[in-house]
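In the numbering used here, the protein residues as written are 32 to 313. Notes follow the structure.
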DNA sequence: ATTGGTTCCTGCTGGC
DNA sequence: TGCCAGCAGGAACCAA
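Here is the structure:
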């Protein structure tokens, strides 16, 4: 599930329970996730204090008191579930791969059925040059992301804009859902050549991306308050999807009849589903 | 160098 | 109702 807004929601849920806490017990239940876990993974985490939790693109970064950073990616199906002190223990499931227990009695589990997720331990001075982080494009909600910057990165790209926005080197944090949603709000067809998104179009796309991600984070945050755990669930934003997974439905921006014009379209681009309105998006 | 297709894995779902 | 093919929100890897 996790794209940038879901990862942001997860770290906001983890912070109050983990920042400042010491890892009293670490259990590693398998040797590999997507990649092999580093040598002595559990032993290196054991006894460390988590100083700060941040995010870069879809990566969770937990800064430890020995200068190492626990790097974590949720992949497609990764979830963090948190059980507070005093809550009833939950049986360990087959996909609970990593279990962290803090000195405050909170228990965090990393559960990932498909095991496309990953964890690594990196010295903080090597973080920027880490092979998974080094090539990432700008944060879409950061100051470095702007119309001219996006236009520059799209220059010369022959692929459709849909594929370019999924490329984490262009902008880091979008996935299949938020690309469809952002292109819809920008009024840009997912089939348009990436290099033709310049000037005002690039400006509109940047605004759309920021707005979609911001609204999704707000919706994720509201579900967190209800469930009081960093569950990795989508929150409420799925009810706000304009086009994603809405094939045949009425376009929220058009007044036309979906029964007559077919409504929202679903196409496949580079083996992934894309949803869009053929009228509003050019 | 880009680009597009394939692949890793398990769990759901939708169509029969 | 039950079964199973096909699809799923990521991204590294490979071949062209």
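The beta-carbon is built from N, C-alpha and C at its ideal position, and this holds for glycine as well.
Residue 141 versus residue 124: straight-line alpha-carbon distance, rounded: Numbered from 1 along the first chain, position 110 holds the residue referred to as residue 141. Numbered from 1 along the first chain, position 93 holds the residue referred to as residue 124. Each residue's Cα considered, the two are about 11 Å apart.
Which of helix, strand or coil DSSP assigns to residue 276: Here residue 276 is taken as the residue at index 245 of the first chain, counted from 1. DSSP places residue 276 in coil when its eight states are reduced to three.
Which of helix, strand or coil DSSP assigns to residue 111: For the purposes of this step, residue 111 is taken as residue 80 along the first chain, with counting starting at 1. Of the three classes helix, strand and coil, the one that applies to residue 111 here is strand, per DSSP.
C-beta atoms of residue 64 and residue 127 nearer than 8 Å: As a working note, residue 64 is residue 33 in the first chain. As a working note, residue 127 is residue 96 in the first chain. No, the Cβ-Cβ distance between residue 64 and residue 127 is not below 8 Å.
Within the segment 49-133, ranges of the alpha helix (DSSP H) (whole runs, at least 4 residues): 72-76
Contact belief for residue 239 with residue 213 at Cβ below 8 Å, rounded distance in angstroms: As a working note, residue 239 is residue 208 in the first chain. As a working note, residue 213 is residue 182 in the first chain. At roughly 5 Å, the Cβ-Cβ gap stays under 8 Å, so residue 239 and residue 213 are in contact.
For residue 308 and residue 8, the rounded distance between their alpha carbons: Since the displayed the chain opens at 32 and closes at 313, residue 8 lies outside it and no answer follows.
The segment 83-102 touching the segment 151-160, judged by at least three CB pairs closer than 8 Å: yes
Backbone CA spacing between residue 145 and residue 105 [nearest angstrom]: Counting from 1 along the first chain, the entry for residue 145 is found at position 114. Counting from 1 along the first chain, the entry for residue 105 is found at position 74. Residue 145 and residue 105: Cα-Cα distance of roughly 10 Å.
CA-to-CA distance, residue 294 to residue 281, given in whole angstroms: Here residue 281 corresponds to residue number 250 of the first chain, with the count starting at 1. Here residue 294 corresponds to residue number 263 of the first chain, with the count starting at 1. So the alpha carbons of these two residues sit roughly 5 Å apart.
Proximity winner among 83, 153, 111, relative to residue 68 (alpha-carbon distances): By 1-based counting over the first chain, the position of residue 68 is 37. Out of 83, 153, 111, 153 has the C-alpha closest to the C-alpha of residue 68.
Beta-carbon proximity list for residue 205, same chain, < 6 Å, skipping 5 on both sides: Within the first chain, the letter at position 174 stands for residue 205. Correct list, in chain order: 196.
Whole-angstrom C-beta distance between residue 107 and residue 139, which should lie under 8 Å: Taking the first residue of the first chain as position 1, residue 139 is located at position 108. Taking the first residue of the first chain as position 1, residue 107 is located at position 76. With 8 Å as the limit, residue 139 and residue 107 do not qualify as a contact, their Cβ atoms being about 20 Å apart.
Residue 38, DSSP secondary structure in three states: Locating residue 38 in the first chain gives position 7, where the first residue counts as 1. Three-state DSSP puts residue 38 in a helix.
Residue 175 to residue 203 span [Cα, whole Å]: Sequence index remark: in the first chain, residue 175 carries index 144 (1-based). Sequence index remark: in the first chain, residue 203 carries index 172 (1-based). In this model, residue 175 and residue 203 are separated by some 12 Å (Cα to Cα).
Which residues DSSP lists as bridging residue 306, in chain order: Counted from its first residue, the first chain places residue 306 at position 275. Residue 306 is bridged to 297.
Which listed residue (74, 187, 116, 109) has its alpha carbon closest to that of residue 97: Here residue 97 corresponds to residue number 66 of the first chain, with the count starting at 1. When each option's Cα is compared against that of residue 97, the closest is 74.
Length of the line joining the Cα atoms of residue 275 and residue 94: Taking the first residue of the first chain as position 1, residue 275 is located at position 244. Taking the first residue of the first chain as position 1, residue 94 is located at position 63. Answer to the nearest angstrom: the Cα atoms are 35 Å apart.
Residue 41 burial status per 10 Å Cβ neighbour count (16 or more: buried): Within the first chain, residue 41 is the residue found at index 10, counting from 1. Flag for residue 41 reads buried.
Cβ-based neighbour list, residue 339, same chain, cut-off 8 Å, excluding 5 preceding and 5 following: Here the chain covers residues 32 to 313 and nothing more, so residue 339 does not appear.
Where residue 33 sits in the DSSP three-state scheme: Residue numbering aside, residue 33 sits at position 2 when the first chain is read from its first letter. Here DSSP, grouped into helix, strand and coil, assigns residue 33 to coil.
Assigned exposure category for residue 151 - 16 Cβ within 10 Å defines buried: Here residue 151 refers to the residue found at position 120 when the first chain is read from its first residue. Answer is buried; the Cβ neighbour count reaches 16.
Boundaries (first-last residue) of the alpha helix (DSSP H) holding residue 180: As a working note, residue 180 is residue 149 in the first chain. 178-185 is the extent of the alpha helix (DSSP H) around residue 180.
Rounded separation between residue 101 and residue 113 - CA only: Stepping through the first chain from its first residue, residue 101 is reached at position 70. Stepping through the first chain from its first residue, residue 113 is reached at position 82. Roughly 17 Å between the two C-alpha positions.
Alpha helix (DSSP H) segment containing residue 196, residue limits: Locating residue 196 in the first chain gives position 165, where the first residue counts as 1. Where residue 196 is concerned, the enclosing alpha helix (DSSP H) stretches over 192-197.
Residue 72 versus residue 59 - alpha carbon distance: Position 41 of the first chain, counted from the start, is the residue given in the question as residue 72. Position 28 of the first chain, counted from the start, is the residue given in the question as residue 59. Approximately 8 Å between the Cα atoms of the pair.
Rounded distance between the beta-carbons of residue 237 and residue 178, thought under 8 Å: The residue given as residue 178 occupies position 147 in the first chain. The residue given as residue 237 occupies position 206 in the first chain. Contact flag correct, Cβ pair sits at about 5 Å.
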